[in-house]
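Protein sequence lines correspond, in order, to chains A and B. Note that the numbering used here has the first sequence beginning at -1, numbered continuously upward. Note that the numbering used here has the second sequence beginning at 43, numbered continuously upward. Cβ atoms here follow ideal geometry from the backbone N, Cα and C, with glycine treated the same way. All remarks here apply to the structure that follows.
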Amino acid sequence: MNVEESIEVTGDDVEQALAKGLETLGVGPDDVMVEVLEEPASGMFGLGSRPARVRLRLLTAAPPPEMEDASGAAVATGESAPALQDSGSTGDGNVVDKAPGELSFQAAMETTTFEEGDFEEDAEVGKVVLAKLLENMAVRADVEVRRAEATDEEEPPWMLDIVGESDLSVLIGRKGETLASLQYITRLVTSRELQRRANIVVDVGGYKSRRMSRLYALASRMADQATSLGRPVALEPMPPYERRIVHLALREREDVTTESSGEGQARKVNIIPASR
Amino acid sequence: MSGGRNWRQRQQQSRPPTNLEDLVGYIAKSLVNDPSQVRVRQRNTNSATVIELRVAPEDMGRVIGREGRVANAIRALLRVADRHQQGERQRKHIILEIS
């Protein structure tokens, strides 16, 4: 990937800057690599506030080579299984699928699609609970069940992916906070029903899979930066689920270590070059 | 199991008005030991929509959660439901009271 096209955009927050940049480039979120250059600072009552600055680099066919070492065992090669498309259930909505090969990196969360009836109890009950919640929220959408590939020793979770024709981004929320709440309640109710921990993950139109691909790329690039600078590099604050992905992404790399610092919402991952 | 398809068809035929009470009631009844004691009531003030949730005293912890985690998650879902119900403009502040 010698020829790179990248632009820098600013916005009130990272999400907004990203949206602006995508619009400028006329591409979808899967076509770019996002680098957060500057987090927004709110300042007191708008004084001394600073916009978010991000750089979007247009991805061409293949991901940069360095991703492969960083990804390690967690990232299988090959294409992700295309989502089971109930005929007519999903149009060409912007949250649904891409042509295979467009983002080979989505293999990070390779999934297998299951026919109805194959579902294990977790998925079956979870799907009913989630559908009931969505119905009560007056959200028109379908729930598709897939099984995530094993990324480590644990039993791979069932993915309950919410798909629909309308814009479902309201279910994701800022930094995925609404999605986290939806997953939390779905798990809680399902676990109570099953009387054991429900091994399910709730996603919206593959948002988490895509986010995971991006986090792998980000982690890898920041690790390179840390080693070339010879000093620790801090990533932007992330929720626990995302920090875990970053830690996992860099687990196999011997030239860096990772640790989290900060409290609550401000907790973030630091990538530290290994001392020699 | 009632598959997503039937549910979906129902949704398309007649989209029922979002009932915030139903949402909270469903979640609360699914989490408590004594569903018969779950009461939900919606109250509208000038500036806010207030959802009052009452459960048996011994079930309070189940709908609030450690550090209010369950209650906060319910609030997040209420905001989504409310948005669909009212449209962005006249959306009011939404409050979940648990007692």
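Within the stretch 81 to 122 of chain B, the runs of beta strand (DSSP E) that reach at least 3 residues and sit entirely inside it are, in chain order, 81 to 86 and 90 to 96. When DSSP states are grouped into helix, strand and coil, MET31/A belongs to the strand group. Three or more beta-carbon pairs separated by less than 8 Å link the stretch 219 to 237 of chain A to the stretch 266 to 274 of chain A, which places the two stretches in contact.
At least one CB of chain B lies nearer than 8 Å to the CB of TYR182/A. GLY262/A carries a helical assignment under DSSP once its states are collapsed to helix, strand and coil.
Judged by their CB atoms, VAL32/A and VAL7/A are not nearer to each other than the 8 Å cut-off. Residues ASP120, GLU153, PRO155 and TRP156 of the same chain have their beta carbon placed closer than 7 Å to that of ASN197/A, with the five preceding and five following residues left out of the count. Within the same chain, Cβ atoms closer than 6 Å to the Cβ of THR256/A are found at HIS245, LEU248, VAL267 and ILE269, the five residues on either side in sequence being excluded. By the Cβ-count criterion, GLN181/A is buried, with 16 or more other Cβ atoms from all chains shown falling within 10 Å of its own Cβ. The beta-bridge partner set that DSSP reports for ALA50/A consists of GLY9/A. Taking a cut-off of 8 Å on C-beta distances, the stretch 171 to 181 of chain A does not touch the stretch 189 to 196 of chain A, as fewer than three cross pairs fall below it. Residue-level contact by beta carbon fails for SER78/B and chain A, as no gap is shorter than 8 Å. Secondary structure remark: continuous beta strand (DSSP E) runs of at least 3 residues inside the stretch 209 to 236 of chain A: none found. When 9 Å is used as the limit between beta carbons, ASP101/B is near no residue of chain A, the shortest such separation being about 12 Å.
Interface criterion met: the Cβ of VAL168/A is under 8 Å from a Cβ in chain B. When the alpha-carbon of ARG242/A is set against those of ASP253/A, SER258/A and VAL254/A, the nearest one is in SER258/A.
For PRO237/A, the closest C-alpha among the options GLN223/A, GLU261/A and VAL25/A is that of GLU261/A.
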